[in-house]
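Q: Before we start, here is the structure in question, set down as structure tokens.
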Amino acid sequence: MNDYVTKSRLLTEARRLFADQGFRGTSVRDITSAARANLGAITYHFGSKDALYAATLETVFGDLAACVEHAARGPGSPLDRLEAVTRALFAFFRRTPEAPQLLLHQLAGTSKLPAVAAPFVRRNLAAIVGVVTEGIADGSVRAVDPTLVAFTIVSQAIWFAVVGYQIPATVGLDASADDFATDVEAHVVEVVTRFLVSEG
602 MNDYVTKSRL LTEARRLFAD QGFRGTSVRD ITSAARANLG AITYHFGSKD ALYAATLETV
662 FGDLAACVEH AARGPGSPLD RLEAVTRALF AFFRRTPEAP QLLLHQLAGT SKLPAVAAPF
722 VRRNLAAIVG VVTEGIADGS VRAVDPTLVA FTIVSQAIWF AVVGYQIPAT VGLDASADDF
782 ATDVEAHVVE VVTRFLVSEG
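Residue numbers (this note's numbering): 602 to 801.
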């Protein structure tokens, strides 16, 4: 197994294990065993377990920031792009289920985001704030606090990513988890866009 493959496997398995068990609950031996690498591979490729954790968070939050920025720069009016951003967030969490779990483990342990994640969070918020501000300026979006709108959109996507698949069974809804997730996404998009549309 060459160095590139080993490093990639370490990142993949670390991402899964940190999401499942948290940083403290995951040992170096857990990761190297899952990646089929020798015990010294983490030190060789990353320097330490802490550095591997930082690299894991960087890949997850970096991917998320890129998705949000891509949607925010897309075609259409500001409201069209805010819908695209909202859908991009839901899509990201569907294909990256470990992302909200990593976030929850981090907040449960320290009540704050790790330094490595902060620049990506700022990029997400800045992208959304920019679209909202543009809409306010051209009159298509009502006068709102752009930062609060950005927090609302991101937090809704994260919350439903964490608990969405459990809701139908928990409350006895006659819907599959996938159907419910689709309905939730459509609902959040509608709430966001209807709330933001200017009445002027």
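Positions of the beta carbon are idealized from the N, C-alpha and C atoms, including for glycine.
Nothing here was measured: the structure is a model prediction, and the numbers come from that model.
Less than 7 Å between C-beta atoms, sequence neighbours within five positions excluded: which residues of the same chain meet that for G675?
A: Cβ within range, chain order: R682, A685.
Q: Under 7 Å Cβ to Cβ from E659, same chain only, skipping five residues before and after it: list those, please.
A: If we look at E659 and ignore the five residues flanking it on each side, its Cβ neighbours are V717.
Q: For W760, tell me which candidate among I632, S628, F694 has the shortest Cα-Cα distance.
A: Checked all of I632, S628, F694; the closest Cα to W760 is F694.
Q: Using a Cβ distance threshold of 8 Å, determine whether the stretch 728-736 contacts the stretch 785-792, with at least three qualifying pairs required.
A: The stretch 728-736, when compared against the stretch 785-792, does not touch it at the 8 Å Cβ threshold.
Q: Determine the direct distance from the alpha carbon of V732 to that of A673, and round the result to whole angstroms.
A: Roughly 7 Å between the two C-alpha positions.
Q: What do you get for V764, buried or exposed, if any count of 16 or more other CB atoms within 10 angstroms of its CB means buried?
A: By the neighbour-count rule (16 or more Cβ atoms within 10 Å), V764 is not buried but exposed.
Q: Is the beta carbon of I754 closer than 9 Å to that of T687?
A: It is a contact, given that the beta carbons lie within the stated cut-off.
Q: Can you grab the Cα-Cα spacing for the pair S756 / S741, in whole Å?
A: Approximately 23 Å, taken between the alpha carbons.
Q: Considering only residues of the same chain and omitting the five flanking positions on each side of R724, which have a CB-CB separation below 7 Å?
A: For R724, where only same-chain residues beyond five positions count, the Cβ hits under 7 Å are A666, E670.
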